Each structure stands twice: as C-alpha cells, then as structure tokens.
C-alpha cells in the first residue's frame, strides 16, 4: 500500500496518465508527494481559476493502491473483476509484457550479439524511456540500469568456482590459503614443482592463474527443471533398439552393457543419465597463422539420453570447466584439472536426490554414468571411476582421424596440395647451398687441391642436388677424400648444422614444412605422381575449374577457390570431406585423361586408392550403419592402407593409418559416428572463441565461461515450443536464437 502522503493529482496535465488498480479499476491522474514543489505548482492554477469539474486531490486509500513494486517484474495476477476465464486485465498484461520484452531485448543483445557492458547499460536507459509512458507509476516499474543487475535478478549468472592453478604443473589449490610456491610432485620420487603461485608485483595475494569450474549437480537441477526435458530423456528407455541396423548410440552394444553399482542394467531405469566427456583445445585469439597462439581447454559433457537432434544444442551441453592457458597440460598434468569432475561423477554414480524437477515436484533420485571419452588420450584419473574401462570407453574420433588426418595427409603429402611459394623456397635453398659451396671452396683452397676446379664443383652440385633443393631434402656432399680438408676443419655435416642454426627461425620452419611439397617439374621416388598432379600449375587450375563448375545445394559447404595455393589457408574438416567426396574424383579423372601417359596401371591404382578413401569417408559419415557397412569399412581400410604401400612405398606410415583400423570396432561398440564424434564440441569451441574479452590472461577463462553459461541459461529461460514462439513476443525472440 502506498503511504498516505502520496496525493492523486487530476489536473489537465496529470489526467493524461492513468493506471489500473489491483481490483481492475482504471484511475486517471498522477501521484505526487503532497509536500513536493511539483505538486504545489499543479495546485496554483486551480486555486486562481476554480474549475467545477476539477476534483480536489485526495489521499490514496487501500482500494486505490496499485500492485506493489517487486524486484522482478511480477507475473500477471488474475483480475478480481468478474471474468469467466480468469484472465488478467488487458492493461496489466500490456505493461508487464512490454517491460519483460525490453528486459529480454537488452539481455539478448549483451549475450548473443556480444554487446559491451557499457553499450548494454545505455540500451537499458533507452528502454527505460520507452516504458515511461505506460499507465503505471514510474517508481513501480522494473527498469534496471545495469546489465549485471539485470542478469543477477533473472538468476542467469552461474555459480562458478575458482581454484588456484599452478602455471607449470596445473596442480589445484584452494583460493583462501594457497602456498607461495607449488608443492606438488609428478611422482613420489620427483622433486617439488616450486613454481610461484602468487603475483610478486601486487600487495594482495592474487594468484597468477586460476581454474574455473561449475557443479554438475547444480547444472542438472536447472536442466531437469525445464519443462519437457524429462519427457525427452524417457525416450531413451522406451525406444526399442533396432536389430537390423544401428541408427544411434541407443542401439549400440555399449548402451546395453552399462551396469549400475548393484549389477542391474543402467540404461533401463528412469533417472539414469549417460554423459560423453570431451577435452579439447581452442585459440581464443583465432586460428590465424601470424596471430597469437594461446590454448584454452574445454571440459564438456553431453547427455546421450537426449534425442540425437538435441544433444549437440548449446542449450544442453554442460561446460564443466575451462583449462587456463596459454599452454596445454601434458598427459599426466591433465589429471589435476579433471579431479573436480571425476570426484563429482563418483558421487553421482551412486545417486543424488534433487529437491524438485519439472515432472516431480517432490524430488527424484538422479544417477549419472560416464560413457564414451572423446579426447586424444584418456586421463589416468578416470581409472578412479569404478566402472571405467579404457577398452570400452575410449574411442577413435573420426573427425580428427579421418577428415583432418587421412584426407589431409592424402591431399597435402600425396597429391601435392601443400605447395609453398616456390620463389621463397628457392631463395632459401640457394642461400643454404651457396654457404655450403663457400665452405667447401675455402677447405679445398687451403688444402691446395688443384685437381678439381671451382667451376666444376659448382656445376656438379647444381646438377646433382637441383631436384633435392626444391624438395627441401637435407643432403650432405662430403669431400672426395678425407685428405681434402684439414683435420681441425669442420666436416660438412657439422657445417650444415651450423648453417641451419644461423638461419632465421621463421625461414627454417618454412623449409621444414616444405619437405612434403612435391616438385612441379620432376617426378621423384618420394612421389611418383610428380608433375602430373597438383604440383603443376595446370593441374591445380583444373582442380579450381572443376570446383567452380559444380552446382551444390545450399546446405552443402563450398571449398575455397584458392585451394592448393600458398595463401589459401587451412581447410576445415567439412571442406576436406567435400573436396574428396565431390570435387577430387572428377578432377583426377580429367587430369589422368589429359596426361597421355602409357602407364595405365599406375594411373588406375591411383584412382582406385582414392575411391577406397572416399568409401571410407562415406561410411563414417552415415547416419545408419549395418553389419555389411562395418564389414565394408574393414575392407576399404585395409585396401587403402595396402594401396599406399604399393603406390607410395617411400612415404612413411602415419599414426592415423593404424588408428583408423579400429574404427569398425568403434562403430560396433557405439553406433554411427555422427552421434558421438567431436563435431558438437568443436562448435562449442567456436562459440567460446567468438566471445570478446579484455585479453587479461588471468581472467579470460572465467569471463568466457560466465558469458557462455549465462547465455545458455537465458536461452533455456525463453519458451522453446514452436507454438509458443509464434504466439508470444518472448517466444519470437527465442525462435531467432
């Protein structure tokens, strides 16, 4: 109830304003403090020119009070006026709806459009002016002026726990009482780390590096409070597996063999959830070659009980923590940062009771179990989980193994798509061999050997080592006899090492990268294809012409038109797939047809090997696989591997060639690869990298985690049903996200 000293003024100016009381009555006028200067100014004209239609101001009574101000915009209350449907008064719904829409608009701009905090505050100030003419007392409108206050009032900000992290070994310490130096040991007999944990230049006990995490139990409570989520989770229990083919992880062997602590089938009970763990790295500064190289690690989990089309949604991914940069931890050091997650998984496996969920207001028991591990090497700390088995939980991830592994290797190293600028390479090699010739000339002139002239040596070196210069292969040309050099003179191998050490590191790295480049003039034993493929400008132009001629549907990506050039940049996983499945085969056929070479058997082997690789890619990307598909995958993997040995015997075997042989077992164990691969986690890394920060290393991880999780909570707060999206303004905002 408003205080008694508030007066209702009904002058000509104030009568333009109106409000609706809690009883549904519309009252015209505006409230003023009876002792205020403004109120007295409004009374002066009425005292001089009395108007019979003018009603004297009267104190507000209980019957004329409006809805009391709340911290949040209050939900529409049913009107007390006689109404058969019990709907709120239109005026109340109007002003409350406008205020809520304005609040959500500011939050969406800040979280989804990466609006700065200062700009978001200005947006709130503008929105406050827009709602000032609503038929409500301005003091009773919810109009925050700070975006942080708005997010806190909406309960969107997550509870992030920060621990002190050692910059060297990643060991974790509590924030309240960390030691000055790290006391952790890698093994029992190892020395202490002794890395300083606190900043030396600051008087406060601020740590050099922090590790940010959030609780899985608290996230589950918010996750299960969303309407409709529990109904979606129950589909994994009610859906019967398909005996003929595997269309999801629900049909796989792993899903049937998971057991509870008492030996029962884990996935057959309601409330039992299976999560997939991923540990991956991304550069928050962008993946530019000349940019900053900073690595932040994401520890994320995906609920496999959700339908396949909802698992990879950012609304349903649990971001457990962000591993601080700028460097990545080793295989043993990653155990420290995974310790909080493993400890909580141990507790959740036996069961945790939530006080309330959407379908169970009185609470229910939730159990969580870890499923496939989508990362390079599983951490040793995962062995503390009673049910963890590295043979059944670790997988070969197809995106990195096939798309960024086999396809990238075949295109760059075998077909010559990794061609650096020849001008720069030739200049670097020319300086290298010129230095070698100068050293040899000095050595031979001091020894007094006149049997071989300098011109003959230079000509022989250029003639013999010319093909190797463009290939970037290190070659040591020793003297014809040991007596040609003095005993105390450095050997050619030592000289070459000295020359290499004097070179610019950038040039050295460029030369090292060009070792796999193919010469565009001379076929070599390292690459028998030689000039017939993309080492030649003509063949590379054919590839680009075929790429331009293809008319692909809009839902299929495009390969860059600069593919194969030095400035073309790196191809993404999806671009490698499109290149080999669509572009490469007709390009290769056209090149081989125009070669006019009599070596038909060799050309047929090249094309057949490429078709095996394309078949492997098609099976791995299939949404449904059967026993025949898995059998065909084994055949194509072995045929492709044997074809590489026959066609390119000089190329060394890559680890991905061996790991790919385990993919058929992974498909049998977990089902189709698109349902458990790292694509969804890579999208998470991309969304984190797009969030702007202030580039403070010690605060970058918590800033990214807070912004991303807050945006996730806001998306889940908005209605996501399609009918609601078309009917309400808030649903329309949700439909655009």
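In full-length UniProt numbering, the protein residues as written are 1 to 737. Idealized CB from N, CA, C, for every residue including glycine. Values in this document were obtained by computation on a predicted structure and should not be read as measured data.
Here residue 169 carries a coil assignment [DSSP, helix/strand/coil]. A contact between stretches requires three or more CB pairs, one per stretch, nearer than 8 Å, and the region 215-227 fails this requirement with the region 261-268. DSSP, reduced to helix, strand and coil, places residue 686 within a helical segment of the structure shown.
In terms of Cβ geometry, residue 693 and residue 284 form a close pair [threshold 8 Å]. Between the beta-carbon of residue 339 and that of residue 301 there is about 15 Å, and that puts the pair past the 8 Å contact cut. Between the alpha carbons of residue 358 and residue 272 lies a gap of roughly 16 Å. Note on residue 149: under 16 other CB atoms within 10 angstroms of its CB, so exposed under the neighbour-count rule. In this structure, the beta-carbon distance from residue 216 to residue 384 does not fall below 8 Å. Within the model, the alpha-carbon separation for residue 13 versus residue 109 is close to 36 Å. Contact check for residue 295 against residue 330 fails: the beta carbons are separated by 8 Å or more. The alpha-carbon of residue 368 is positioned some 31 Å away from that of residue 209. Scanning 162, 234, 354 for the CA closest to the CA of residue 307 turns up 234. Look at residue 668 here: in three-state DSSP terms it is helix. If you look at residue 274, you'll find it in the beta strand (DSSP E) that goes 272-282. Around the beta-carbon of residue 715, 16 or more other beta-carbon atoms lie within 10 Å, marking it buried. The bridge partners DSSP lists for residue 263 come to none. When the five nearest sequence neighbours on each side are left out, the beta carbons in the same chain lying within less than 6 Å of the beta carbon of residue 236 are those of 250, 305, in order along the chain.
Non-local C-beta neighbours of residue 405 in its own chain, meaning closer than 6 Å and more than five positions away in sequence, comprise 656, ordered along the chain. The bridge partners DSSP lists for residue 230 come to none. Ranking 10, 698, 699, 680 by CA distance to the CA of residue 318 puts 680 first. Annotated three-state conformation of residue 35 is coil, per DSSP. In the same chain as residue 625, and ignoring 5 residues on each side of it, the C-beta atoms closer than 6 Å to its own belong to 246, 667, 672, in chain order. Taken through DSSP and simplified to helix, strand or coil, residue 160 comes out as coil.
The beta carbon of residue 653 sits closer than 6 Å to none of the beta carbons in its chain outside the five residues before and after it. For residue 614, the secondary structure class from DSSP, reduced to helix, strand or coil, is helix. Going by C-alpha positions, residue 182 is about 28 Å away from residue 347. A direct Cα-Cα distance of roughly 34 Å separates residue 586 from residue 395. The residues 98, 99, 102, 141, 143, in chain order, have a CB closer than 7 Å to that of residue 131 in the same chain once the five nearest residues on each side in sequence are set aside.
The shortest CA-to-CA distance from residue 125 to any of 117, 145, 112, 303 is the one to 145. Within the same chain, and ignoring the five residues on either side of residue 165 in sequence, the residues whose Cβ sits closer than 7 Å to its Cβ are 172, 209, 210, 211, 324. In this structure, the CA atom of residue 631 is about 14 Å from the CA atom of residue 660.
Residue 237 sits in a helix when the DSSP states are folded into three classes. In the structure shown, residue 388 falls within a coil segment according to DSSP collapsed to helix, strand and coil.
Secondary structure note for residue 7: its beta strand (DSSP E) is the uninterrupted segment 6-9. Counting along the chain, residue 621 sits inside no alpha helix (DSSP H), nor does DSSP assign it H or E at all. Going by beta carbons, residue 674 and residue 621 fall inside the 8 Å limit.
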